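Reviewing the structure listed below.
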Amino acid sequence: AQSVTQPDIHITVSEGASLELRCNYSYGATPYLFWYVQSPGQGLQLLLKYFSGDTLVQGIKGFEAEFKRSQSSFNLRKPSVHWSDAAEYFCAVGNAGGTSYGKLTFGQGTILTVHP
Amino acid sequence: NAGVTQTPKFQVLKTGQSMTLQCAQDMNHEYMSWYRQDPGMGLRLIHYSVGAGITDQGEVPNGYNVSRSTTEDFPLRLLSAAPSQTSVYFCASSYRSGFGYTFGSGTRLTVV
Numbered sequence: 191a192q193s194v195t196q197p198d199i200h201i202t203v204s205e206g207a208s209l210e211l212r213c214n215y216s217y218g219a220t221p222y223l224f225w226y227v228q229s230p231g232q233g234l235q236l237l238l239k240y241f242s243g244d245t246l247v248q249g250i251k252g253f254e255a256e257f258k259r260s261q262s263s264f265n266l267r268k269p270s271v272h273w274s275d276a277a278e279y280f281c282a283v284g285n286a287g288g289t290s291y292g293k294l295t296f297g298q299g300t301i302l303t304v305h306p
Numbered sequence: 014n015a016g017v018t019q020t021p022k023f024q025v026l027k028t029g030q031s032m033t034l035q036c037a038q039d040m041n042h043e044y045m046s047w048y049r050q051d052p053g054m055g056l057r058l059i060h061y062s063v064g065a066g067i068t069d070q071g072e073v074p075n076g077y078n079v080s081r082s083t084t085e086d087f088p089l090r091l092l093s094a095a096p097s098q099t100s101v102y103f104c105a106s107s108y109r110s111g112f113g114y115t116f117g118s119g120t121r122l123t124v125v
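Structure (structure tokens):
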């Protein structure tokens, strides 16, 4: 069964510092991978996605993520964090095929706090 | 385009009552899903559908029913509400697996 682990429940960074949020997945084949962001009281917004090709993907708001098959990881990065990036971030894995295609599984989320 | 529309936004139920959470999308997406979000537990999949007439269970399906009679609508039914079903519920839709899901704004449900 597919699963996602986000090892960090809460991360605090200073504004202007770099950011890396970790995501590890478990899936039997090449997965579809996603990062979403959720501001307080809001729905989820798609930041970026990977399903084939270049393992470094660019997303909105200056975020990028790198797919590393050997490490089963899909870490999210941003070179310089802004106060408006404070939110909860979710990594998710989707089925490319098989009997459960269409199923998207989320990690537990990482809360990002940004200090001025 | 309205995207994914969920109604109601807030609801309070008494234990044992039934209700239906509505979800509609106008993007002609084949895939639709229901999630619940609880603090510290991320989003857990309740049920999902890959097309009209096709549904399957997710991680936490007990106490919930779904049906998909049209491409646009994917209602979630609570048969007999329990306090453990107090949560925020999100509906989402997607064109295909690799496209990512578009989420609605959520329904905050409290069962007393």
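Sequences listed follow chains A and B, in order.
Just so you know, we're using this note's numbering here: the first sequence kicks off at 191 and counts up by one.
Just so you know, we're using this note's numbering here: the second sequence kicks off at 14 and counts up by one.
Just so it is clear, CB atoms sit at the ideal spot from N, CA and C, and this is done for glycine as well.
A quick note: this is a predicted structure, and the numbers were derived from the prediction, not measured.
Along chain B, which residues have their Cβ under 7 Å away from the Cβ of residue i?
i: residue 236 of chain A; result: 113
i: residue 284 of chain A; result: 110
Whose CA, out of the options, lies closest to the CA of residue i?
i: residue 99 of chain B; options: B:64, B:62 and B:77; result: B:77
i: residue 304 of chain A; options: A:211, A:230, A:213 and A:274; result: A:274
i: residue 120 of chain B; options: A:209, A:246 and A:233; result: A:233
i: residue 262 of chain A; options: A:285, A:218 and A:226; result: A:218
i: residue 123 of chain B; options: B:50, B:38, B:60 and B:106; result: B:50
i: residue 207 of chain A; options: A:267, A:293, A:281 and A:296; result: A:267
i: residue 306 of chain A; options: A:259, A:203 and A:296; result: A:203
i: residue 249 of chain A; options: A:227, A:260 and A:231; result: A:227
i: residue 260 of chain A; options: A:245, A:191, A:252 and A:269; result: A:245
i: residue 193 of chain A; options: A:264, A:269, A:276 and A:253; result: A:264
i: residue 84 of chain B; options: B:53, B:62 and B:101; result: B:62
In angstroms with no decimal places, state the Cα-to-Cα distance between residue i and residue j.
i: residue 302 of chain A; j: residue 271 of chain A; result: 10 Å
i: residue 92 of chain B; j: residue 243 of chain A; result: 45 Å
i: residue 196 of chain A; j: residue 104 of chain B; result: 22 Å
i: residue 44 of chain B; j: residue 18 of chain B; result: 15 Å
i: residue 281 of chain A; j: residue 65 of chain B; result: 28 Å
i: residue 257 of chain A; j: residue 237 of chain A; result: 15 Å
i: residue 114 of chain B; j: residue 48 of chain B; result: 12 Å
i: residue 223 of chain A; j: residue 240 of chain A; result: 5 Å
i: residue 110 of chain B; j: residue 125 of chain B; result: 37 Å
List, in order along the chain, the chain A residues whose C-beta lies closer than 7 Å to that of residue i?
i: residue 117 of chain B; result: 233
i: residue 55 of chain B; result: 280, 296, 297, 298 and 299
Taking C-beta pairs closer than 9 Å, name the residues in chain A that residue i reaches, listed in chain order.
i: residue 77 of chain B; result: The contacting residues do not exist; residue 77 of chain B stays about 16 Å from chain A at best.
Residue i bridges to which residues according to DSSP?
i: residue 100 of chain B; result: B:122
i: residue 78 of chain B; result: B:90
i: residue 284 of chain A; result: A:222 and A:294
i: residue 64 of chain B; result: B:67
i: residue 214 of chain A; result: A:195 and A:263
i: residue 254 of chain A; result: A:248 and A:267
For residue i, go through chain A and note every residue whose CB falls closer than 8 Å to its CB, in chain order.
i: residue 71 of chain B; result: 293
Give me the chain B residues within the contact set of residue i, using Cβ-Cβ distance strictly less than 9 Å, ordered along the chain.
i: residue 239 of chain A; result: 111, 112 and 113
Count Cβ pairs between the region 275-286 of chain A and the region 210-230 of chain A that sit closer than 8 Å; are there 3 or more?
yes
Could you tell me whether the region 22-39 of chain B touches the region 80-95 of chain B, using the rule of 3 or more Cβ pairs below 8 Å?
yes
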